[in-house]
Amino acid sequence: MHQTFRERTAPDARLPRRSGTLNRWVRDNYALHSVDLDDDWVCVSRIESGFANITCQDIDQFVCDEYGDIFDTLPPVHELPTDNLCRISLIDATKSIESCSYASPHKYWEAWSTIINDHLHAGCIRPSDSHHVSPLFLIPKADPAALPRWVIDYRQLNRNVRLDKTPLPQVDNILADAAKGKYWAKFDMTNSFFQMRMHPDDIPLTATSTPLGLFEWTVMPMGFKNSPRINQRRMRWALAQYIGKFCHVYLDDIIIWSSSLQEHQHNLQLILNAIRSHKLFPSAKKSVFCCMEIKFLGHVIGHDGIKPDGSKVDRIHKWPVPQSAKEVRRFLGLIRYLGPFLPQLTKHAKVLTRLIGKDCDKSFPDWRPFHQRAFDSIKSLVTSADCLTTIDHFNPGDNHIYVTCDASEIGRASLPDP
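In numbering that gives the first Met the number 0, the protein residues as written are 0 to 417.
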């Protein structure tokens, strides 16, 4: 007999934190515990001997023993595959990129040196004499001890590049499929863009100016507008035969769902074999399996359905009164993510939508009581957000599916007749 439950608990110093490779398991006198102290939750899987053929501990050990090599650090660039290279297709090949370098505070010079040397050592960049130059800058992280984030301004290049038309998958479809499972796993690639080499002819187009000179990328850079879609295509190609059956890919994230632990191990084995054969490298720190509940694409998927991520709900609750049209847009953009959970959202959001026009950018209107009521009503709706269940179109059982279409003074909805 296999029983599972979750209990809220404070972090226990006696329980080990997750190690650098994969979730580790510890045994006490009662149960097997999967411990993740990041969110103060402890997931417990209790298995009585003699009634189960496999445990989460067995799966964890199996992955560590059989696939530990693919969770290592990325190999040198010259060892990456050459059968799938990143190309840059220009609209006008006669145009060059000539951007001024951004000034950098002296306090960041040591960080510049460290970041550039790390990339040079890894083979991700090399010195350049290209006549295409894009600027870049550093953004400090919340942790002052951490290296700043390197951001390249490829806006000039991106305006002259043909858009890659690879479609991104529909998030709603991914969540609906994944919610059918009882056990979940997730893999996040290690520096996914850096796992694809640039085509030699296009490397000069990636050149960027730094305080220590001009460098160009030998791997697919972040900031290039087609990088996400190129990466999506590569990931989908690697897992094409499994997508929609028991896994989905969104950019560099893979989610796997299973109906039993035995099936979970089998599915993991298939995915990890495909990852290995296509020379992909997932992040050990961000990979989890045997989960009874999992966060994915801003949602929480569990046995009771799909819920909004609590961190985003908290963010909405703490949102201050907007002082500009830009702040209203940001707030509305965040709550639209919760739209499927809030059937009355449009009724209240329409009041704030009138504050995001071009005229409001120039002169933001006074914040009136009816704006505040709509603002507060949206926050109250977020508190009551329901949990969504997925529809089994092939086996609805006794459940009935109703489709409703409505209209109002500000909009109408309908369904096409196929």
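Cβ atoms here follow ideal geometry from the backbone N, Cα and C, with glycine treated the same way.
Those residues which DSSP pairs with residue i across a bridge
{"i": "S133", "result": "T207"}
{"i": "I334", "result": "Beta-bridge pairing links I334 to no other residue."}
{"i": "H347", "result": "None, per the DSSP bridge assignment."}
{"i": "H247", "result": "I254"}
{"i": "R125", "result": "E215"}
{"i": "M234", "result": "Bridge partners of M234: none, in fact."}
{"i": "K428", "result": "The requested residue 428 is not part of the displayed model; the chain covers only 0 to 417."}
{"i": "W183", "result": "W256, C290"}
{"i": "R196", "result": "V218"}
{"i": "E262", "result": "The partner list for E262 (beta bridge, DSSP) is empty, contrary to what the question assumes."}
{"i": "E109", "result": "For E109, which the question treats as bridged, DSSP gives no partner whatsoever."}
{"i": "I87", "result": "Its beta-bridge partners do not exist; DSSP assigns none."}
{"i": "E78", "result": "DSSP lists no partner for E78."}
{"i": "H326", "result": "The displayed chain sequence assigns Glu, not His, to residue 326. According to DSSP, which records beta bridges pairwise, E326 is partnered with nothing at all."}
{"i": "V150", "result": "F136"}
Alpha-carbon to alpha-carbon, residue j and residue i
{"i": "H263", "j": "L213", "result": "48 Å"}
{"i": "D91", "j": "V160", "result": "8 Å"}
{"i": "R329", "j": "P147", "result": "25 Å"}
{"i": "S323", "j": "D59", "result": "50 Å"}
{"i": "K181", "j": "N225", "result": "35 Å"}
{"i": "K346", "j": "V132", "result": "48 Å"}
{"i": "D152", "j": "P342", "result": "39 Å"}
{"i": "A348", "j": "A373", "result": "7 Å"}
{"i": "A82", "j": "Q194", "result": "Checking the displayed sequence, the identity of residue 82 turns out to be Asp instead of Ala. Taking the straight line joining both Cα atoms gives about 12 Å."}
{"i": "R233", "j": "K357", "result": "40 Å"}
{"i": "T93", "j": "P199", "result": "18 Å"}
{"i": "V381", "j": "C289", "result": "30 Å"}
{"i": "W318", "j": "D171", "result": "26 Å"}
{"i": "P364", "j": "V327", "result": "12 Å"}
{"i": "L119", "j": "F136", "result": "18 Å"}
{"i": "I315", "j": "A273", "result": "39 Å"}
{"i": "D438", "j": "V320", "result": "Since the first residue shown for the chain is 0 and the last is 417, residue 438 is missing from the structure and cannot be characterised."}
{"i": "I334", "j": "E65", "result": "43 Å"}
{"i": "A110", "j": "P134", "result": "17 Å"}
{"i": "L466", "j": "F223", "result": "Outside the shown range of the chain (0 to 417) lies residue 466, about which nothing can therefore be said."}
{"i": "R275", "j": "G243", "result": "20 Å"}
{"i": "Q116", "j": "V150", "result": "At residue 116 the sequence reads Asn, which differs from the Gln that was named. Going by the C-alpha atoms only, they are around 16 Å apart."}
{"i": "C359", "j": "I124", "result": "44 Å"}
{"i": "I300", "j": "Q169", "result": "16 Å"}
Residue nearest to residue i in terms of C-alpha spacing, selected from the options
{"i": "C85", "options": "V327, T217, P143", "result": "T217"}
{"i": "K164", "options": "H131, H130, S88", "result": "S88"}
{"i": "E292", "options": "P307, I334, I355", "result": "P307"}
{"i": "I377", "options": "L337, I96, Q56", "result": "L337"}
{"i": "A144", "options": "D128, R158, Q169, Y107", "result": "Y107"}
{"i": "S379", "options": "D358, L344, H120, P368", "result": "L344"}
{"i": "K185", "options": "S95, I270, N83", "result": "I270"}
{"i": "T72", "options": "S362, L137, N190, D176", "result": "N190"}
{"i": "A175", "options": "H298, P321, V312", "result": "H298"}
{"i": "H265", "options": "S276, S286, D252, Y241", "result": "Y241"}
{"i": "P74", "options": "R196, R125, S98, D313", "result": "R196"}
{"i": "S473", "options": "E215, L331, K325, S383", "result": "Residue 473 is absent from the model: the chain starts at 0 and stops at 417."}
{"i": "K311", "options": "F245, L331, H105", "result": "L331"}
{"i": "D313", "options": "P368, D252, F245, S383", "result": "S383"}
{"i": "D201", "options": "Q169, H130, F245", "result": "H130"}
Cβ shell of residue i (< 6 Å), same chain only, five flanking positions each side left out
{"i": "Q261", "result": "I53"}
{"i": "M221", "result": "F192"}
{"i": "R158", "result": "none"}
{"i": "R235", "result": "V248"}
Contact under 8 Å by Cβ, residue i with residue j
{"i": "S208", "j": "S100", "result": "yes"}
{"i": "L267", "j": "V62", "result": "yes"}
{"i": "S103", "j": "P203", "result": "no"}
{"i": "M188", "j": "L79", "result": "no"}
{"i": "A206", "j": "S258", "result": "no"}
{"i": "Q56", "j": "I96", "result": "no"}
{"i": "W256", "j": "W366", "result": "no"}
{"i": "H277", "j": "A237", "result": "yes"}
Cβ shell of residue i (< 8 Å), same chain only, five flanking positions each side left out
{"i": "H370", "result": "V350, L351, L354"}
{"i": "K140", "result": "L146, P147, R148"}
{"i": "I173", "result": "H247, Y249, I254, F295, L296"}
{"i": "T20", "result": "At T20 the pLDDT is 35, less than 50, meaning the model places this residue with poor confidence; the figure from the coordinates comes in the next sentence. Result list for T20: C63, G67, F70, A283, in chain order."}
{"i": "L167", "result": "P227, R228, Q231, Y249, L250"}
Cβ shell of residue i (< 7 Å), same chain only, five flanking positions each side left out
{"i": "G309", "result": "none"}
{"i": "G122", "result": "P75, V76, H77, T217"}
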